[in-house]
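J.:
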Amino acid sequence: MFSCLLIFPMLGMPAYLYRATATLLAAEFVSMLVWSFGSDGCTARPCAPLAEAGRTAASVDVPLLSAAVIALAIIRGVRHHKQLSQ
């Protein structure tokens, strides 16, 4: 997501994709921190409920949403390219 955060403005992507990328990057960082600090000293899973929610968000939710944002950017790029070639 960090590379998308840097590349999207250069490619002229809409602001909503840029904001979504920044939000997902921050959400992944926060969920990794919650998972890391919440499972400190935990020897067996499941750990604390908040730590498990952070683990799930960091390993499943945020990557799937990131893939959706990248897919939207690709779709927008293809549509924009088709409009320019007509």
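Residue numbers (this note's numbering): 2 to 87. Where is the CB? At the ideal position from N, CA and C, for every residue including glycine. None of these values were measured; they are calculated from a predicted model.
Could you give the uninterrupted runs of the alpha helix (DSSP H) lying entirely in the stretch 11 to 73, keeping only those of 4 residues or more?
T.: Secondary structure within the stretch 11 to 73: the alpha helix (DSSP H) runs of 4 or more consecutive residues, fully enclosed, are 16 to 39 and 50 to 57 (chain order).
J.: Among L12, I8, L26 and S32, which has the Cα closest to the Cα of S67?
T.: Against the sequence shown, residue 67 aligns to sequence position 66. S67 has its Cα closest to that of L26, out of L12, I8, L26 and S32.
J.: Restricting to Cα atoms, I'd like to know which of A69, Y19, A54 and C43 is closest to M33.
T.: Sequence index remark: in the sequence shown, residue 33 carries index 32 (1-based). Checking every option, the nearest Cα to that of M33 belongs to A54.
J.: DSSP three-state call for Q84: helix, strand or coil?
T.: Start at 1 with the first residue of the sequence shown, and residue 84 comes out as number 83. Residue state, collapsed to three classes: helix.
J.: Rounding to the nearest angstrom, what Cα-Cα distance links I76 and A58 in this structure?
T.: Here residue 76 refers to the residue found at position 75 of the sequence shown. Here residue 58 refers to the residue found at position 57 of the sequence shown. Those two C-alpha atoms are separated by around 25 Å.
J.: When you compare each of T24, R46, P50 and A21 to V35 by their alpha carbons, which one comes out closest?
T.: Position 34 of the sequence shown, counted from the start, is the residue given in the question as residue 35. When each option's Cα is compared against that of V35, the closest is P50.
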